[in-house]
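Chemist: Just dropping this structure here.
Number of protein chains: 2
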Amino acid sequence: MQFVLTKEFIQELREAVQKQDELKVVELTHELHPADLAEIIEELDPAELSQFFQYLDSEKAADSLMELEDEVREKFLSTLTSEEIAKYFIDNLDSDDAADVISELPEGVKDEVISQLEDVEQASDIVDLLGYAEDTAGGLMAKEMIRVNENWTLTKCVREMRKQAENIENIYTIYVVDDDNKLRGTLSLKKLLFAPPRSKISSLYQKEVIFVKASASSEDVATIMDKYDLVVLPVLDELNRLIGRITIDDVVDVMREEAEKDYQLASGISKPIDFSDRMALLTRARLPWLLIGLVGGILGARVIEMHEGTLQINPEMAFFIPLIAAMGGNVGVQSSAIIVQSIANSSLRLDTVAGRLGKELLGSILNGLVCSMLILGYNLLFSDSLILSFTVAIALLSVIVVSAMLGTAVPLILNRYKIDPALATGPFITTMNDIFGLFIYFGIGRLIHMMF
Amino acid sequence: MQFVLTKEFIQELREAVQKQDELKVVELTHELHPADLAEIIEELDPAELSQFFQYLDSEKAADSLMELEDEVREKFLSTLTSEEIAKYFIDNLDSDDAADVISELPEGVKDEVISQLEDVEQASDIVDLLGYAEDTAGGLMAKEMIRVNENWTLTKCVREMRKQAENIENIYTIYVVDDDNKLRGTLSLKKLLFAPPRSKISSLYQKEVIFVKASASSEDVATIMDKYDLVVLPVLDELNRLIGRITIDDVVDVMREEAEKDYQLASGISKPIDFSDRMALLTRARLPWLLIGLVGGILGARVIEMHEGTLQINPEMAFFIPLIAAMGGNVGVQSSAIIVQSIANSSLRLDTVAGRLGKELLGSILNGLVCSMLILGYNLLFSDSLILSFTVAIALLSVIVVSAMLGTAVPLILNRYKIDPALATGPFITTMNDIFGLFIYFGIGRLIHMMF
């Protein structure tokens, strides 16, 4: 039952679309899930696309629109009139998806599309949702949900639910509210199905319910749903009135984007990209970090130039420049990555800054000693210069310890000032530690030379 | 309603536990979610812990056990007898969680615990589940679910569901099977609630249903649930019989672990760790990559040593060693990270290897030209040596292009041979590119020197 997109399939479909063979197109696609349709759509040309959409069931067409990459969707929608967008797509979407699509439209088109909507309730829901910032609970929530009053009987409850359920695909949770629409709790389906029909909701519902305020950040929403293993989370306004619900699938997207962003920052890519993106975008996203590396390299060159004297006395010191720079970079990236992940998992709560730095200090001395003993052994065996051997070993230990301290402190400091600590991972910390490493290396080299 | 753990709270609770003040402990904790309890438990000593667990409601105690870090849970369970583990915990857990806990127990204890279980069905479910590898759909699934026969009427269906629902907390989906227990489809709650009671299930259920085989990998499960926005996914055996279901919360954990693993590999950490882990673990997880860096640094030293002649003629070349090494490393990490993410998102499906390399080649030439023009400009302004200026610029361009090619090719090759491509990111590619970069730099230096 899982669909796998092949070149042959695309070819066959494309021919059917071009021949306007509706029967064939429907035969090929009627069993497919919107997510599969989206994969197909991304392979089609704009002309084929508008033809193809005419053959799709309108609910499915609307849902597959939501599965498209933003860029593809925007391009496609720009070929349609406001009326078409409203009738074929927005009217068939859940309020949260509808609001997302509309928020991506050009300013002028937005109002036109909303005014064309046939479903007045949908239109008012969308206008409501557009008022929330994209990265808040309000921006993630949908308005569709099942809501019952605590004073109803089960019989009345089922009757009212039938009305509400018309527009709702899946019933995840039944929310219980009071006369002021304030959230009181949830009613389990088990109770709904199996309790005596005359019982009052107020005697059946479960009072403990986890919720968020509409102004909560999307990261907070993700943390809460993950921590409490929730499939759906109710959203309240400032007066604790129930105004929407967030489902886990939308939050999974938030979580994935967060993780990808951290990963990309650690890898020196400045914005979310994918190999399938356009060349210009791919190149531009990488250049900023390369330029930071370039500036770092130039500064490194200046540091070595400053110590040209030391280098002339002991030219073999040049051999170990890459080692010192690389180890400083590696340790720094490790330290910052551990801190960034611990901040993301909020597993640092009860630790103090001093405690963290102390732990890192001890660990880096341990690892530093192992590495510097190894390099000392190697140099004592293979190098003629005792001074060089000790310089490299002592510098390596110092560089590892300093890099670990910087790698730990910088993300903590950024986090304290509400800057994304992930910025401190990757090329930034590597570059910084390269320069510090060279300073330490040549500083120790000069010192040891002066001593002997 | 969200609980925030404070030092004061822990202090108060700890005192109540030590004084064996059950009333106070219950007052402090009875409204808390198992996930909150787990946070508290991780702060308590073993002695306090066993005291604390006696005051908890047994369902909640069992659930909070599942929210603990593996290490904490193992340590706590090792203080209990098999009978206690069976009675207080395993009997109160869902089958998937129960199997997870038992699989972590020492070999001898496993059978003892299973033989102590009061619920025979639970015991047989657990033995079944223990047969599946941890990282497969079978290892993720639970046995508890609502299953109805296509030949039943709605009335019979509700009656049977009442029996089945006893052991089930949330009803996500009602699965429809035939007489051989083969999955036929799903019955929506809307149909169940609102269709005439005499209708046959066979006329109501939805046939299109996405499922996995028990042998599918957990990554495949995550991909499918993410792609199709599923909250729950049925699991079939080789004969298409329905044997379990996987819920999204377990898969979110898989996805997070995947993302963290990739992130940690890119940052040079060899196994999943967290800042709160023990020192020894923290240190050990980092040492392997540092040793790789060390070996790389030694090889780098050998490369420079081989070119000592070039360096003596043109000692200023030493200044730009860190620049060349760093840029090679940065570009390699970027390229490999983009490929690793594209593989993870399976967005490379219809691209060919040649196509990917070609795209990367073009992009890297572009970025390489920008960087090498800038460094040429800098050196022409600030350095007296024309030869050095051109050597650095040409070497930088070459290093960027070669590093991009290696960074793209290595993960693709690893992936082809079913090795985790994320291994190629981070310190591995950085170290490799450091060495290649030095070869290129000194090779070009010698060449240019010979020419002029």
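These protein sequence lines are chains A and B, in that order. First residue of the first sequence: 1, per my numbering; consecutive thereafter. First residue of the second sequence: 1, per my numbering; consecutive thereafter. Note that CB positions come from ideal geometry on N, CA and C, so glycine has one too.
1. Could you have a look at L140 (chain B) and say whether DSSP puts it in helix, strand or coil?
2. Provide the residue(s) that pair with R245 (chain A) in DSSP beta bridges, ordered along the chain.
3. Going by other Cβ atoms of all chains shown within 10 Å of its Cβ, with 16 needed for buried, is I419 (chain B) buried or exposed?
4. Please name the residue, chosen from B:S103, B:D135, B:D94 and B:G131, that lies closest to E121 (chain B) on a Cα-to-Cα basis.
5. My assumption, with CB atoms under 8 Å, is that V459 (chain B) sits in contact with N149 (chain B). Please give the rounded CB distance.
6. Do V209 (chain B) and G185 (chain B) count as a contact pair if the criterion is CB distance below 8 Å?
7. Starting from V158 (chain A) and walking both ways along the alpha helix (DSSP H), at which residues does that stretch end?
8. Is there a Cβ of chain A sitting closer than 8 Å to that of P427 (chain B), yes or no?
9. DSSP state of Y175 (chain A), grouped into three classes?
10. Thinking C-alpha only, which one of A:I339, A:E8, A:A16 and A:M451 is nearest T391 (chain A)?
11. What is the DSSP secondary structure of N149 (chain B), counted as helix, strand or coil?
12. First and last residue of the beta strand (DSSP E) that includes R184 (chain B)?
13. So T79 (chain B) and S50 (chain B) are supposed to be a Cβ contact under 8 Å. How far apart are they, rounded?
14. What did DSSP end up calling K191 (chain A) once you bin it into helix, strand or coil?
15. Closer than 8 Å, Cβ to Cβ, to anything on chain A: give me those residues from the region 319–335 of chain B, in chain order.
16. Tell me the DSSP bridge mates of S217 (chain A)?
17. Thinking C-beta only, is T425 (chain A) closer than 8 Å to A325 (chain A)?
18. Check whether chain A comes within 8 Å of I489 (chain B), counting only Cβ atoms and requiring the distance to be less than that.
19. Could you compute how far the alpha carbon of I444 (chain B) sits from the alpha carbon of G309 (chain B)?
20. D119 (chain B) to V17 (chain B), Cα distance in whole Å?
21. What are the residues in the region 18–36 of chain B lying within 7 Å of chain A by C-beta distance?
22. Rounded to whole angstroms, what is the Cα-Cα separation between E67 (chain B) and E74 (chain B)?
23. Can you pull the chain B neighbours of L294 (chain A), defined as C-beta to C-beta under 8 Å?
24. Do you know how far the Cα of E8 (chain B) is from the Cα of M1 (chain B)?
25. When DSSP labels each residue in this structure, what does V340 (chain B) get in the three-state scheme?
26. Exposed or buried, what is M373 (chain A) when buried is set at 16 or more other beta-carbons lying within 10 Å of its beta-carbon?
27. Which residues in chain A have a C-beta closer than 9 Å to the C-beta of F194 (chain B)? List them in chain order.
28. Any idea what DSSP makes of Q20 (chain B), helix, strand or coil?
29. Just the C-alpha distance for Q164 (chain B) and N170 (chain B), rounded to the nearest angstrom, thanks.
30. For the candidate residues A:F319, A:Y417, A:T408 and A:Y172, whose alpha-carbon lies nearest to that of G329 (chain A)?
31. What are the boundary residues of the alpha helix (DSSP H) that includes G358 (chain B)?
32. With burial defined as no fewer than 16 other Cβ atoms inside 10 Å of the residue's Cβ, what is the status of M466 (chain B): buried or exposed?
33. Can you tell me the Cα-Cα spacing of P427 (chain A) and G293 (chain A), whole angstroms?
34. Cα separation between L447 (chain A) and I338 (chain A)?
35. In whole angstroms, what is the alpha-carbon distance linking G131 (chain A) and D125 (chain A)?
36. Which first and last residues belong to the alpha helix (DSSP H) in which A424 (chain A) is found?
Modeler: In short, the structure shows the following:
1. helix
2. The partner list for R245 (chain A) (beta bridge, DSSP) reads A:A142 and A:P234.
3. It is exposed - the Cβ of I419 (chain B) has fewer than 16 other Cβ atoms within 10 Å.
4. Of B:S103, B:D135, B:D94 and B:G131, the residue nearest in Cα terms is B:D94.
5. Residue 459 (chain B) cannot be examined here, being either before or after the span of chain B that is shown, 1 to 452.
6. The answer is yes: Cβ separation under 8 Å.
7. L154 to A165
8. yes
9. Strand at Y175 (chain A).
10. A:M451
11. strand
12. L183 to L187
13. 6 Å
14. helix
15. F319, F320, I321, P322, L323, I324, A325, A326, M327, G329, N330, V331, V333 and Q334
16. Beta-bridge annotation (DSSP): S217 (chain A) is paired with A:T136.
17. no
18. Nothing about residue 489 (chain B) can be read from this structure; chain B reaches only from 1 to 452.
19. Linking I444 (chain B) to G309 (chain B) through their CA atoms gives a straight-line distance of about 13 Å.
20. Near 31 Å, if we compare the C-alpha coordinates of V17 (chain B) and D119 (chain B).
21. Of all residues in the region 18–36 of chain B, only E31, H33 and A35 place a beta-carbon less than 7 Å from a beta-carbon of chain A.
22. 12 Å
23. L323, M327, C371, L374 and I375
24. Summary for M1 (chain B): the model assigns pLDDT 49, below 50, so the residue's position carries little reliability, and this model does not support an answer.
25. helix
26. So M373 (chain A) counts as exposed.
27. For F194 (chain B), the neighbours in chain A by C-beta distance under 9 Å run, in chain order, V158, M161, R162 and A165.
28. coil
29. 12 Å
30. A:T408
31. V353 to F382
32. Here chain B has residues from 1 to 452 only, and residue 466 (chain B) is not among them.
33. 7 Å
34. Roughly 34 Å separates the two Cα atoms.
35. 10 Å
36. Neither: A424 (chain A) is in no alpha helix (DSSP H) and is coded neither H nor E.
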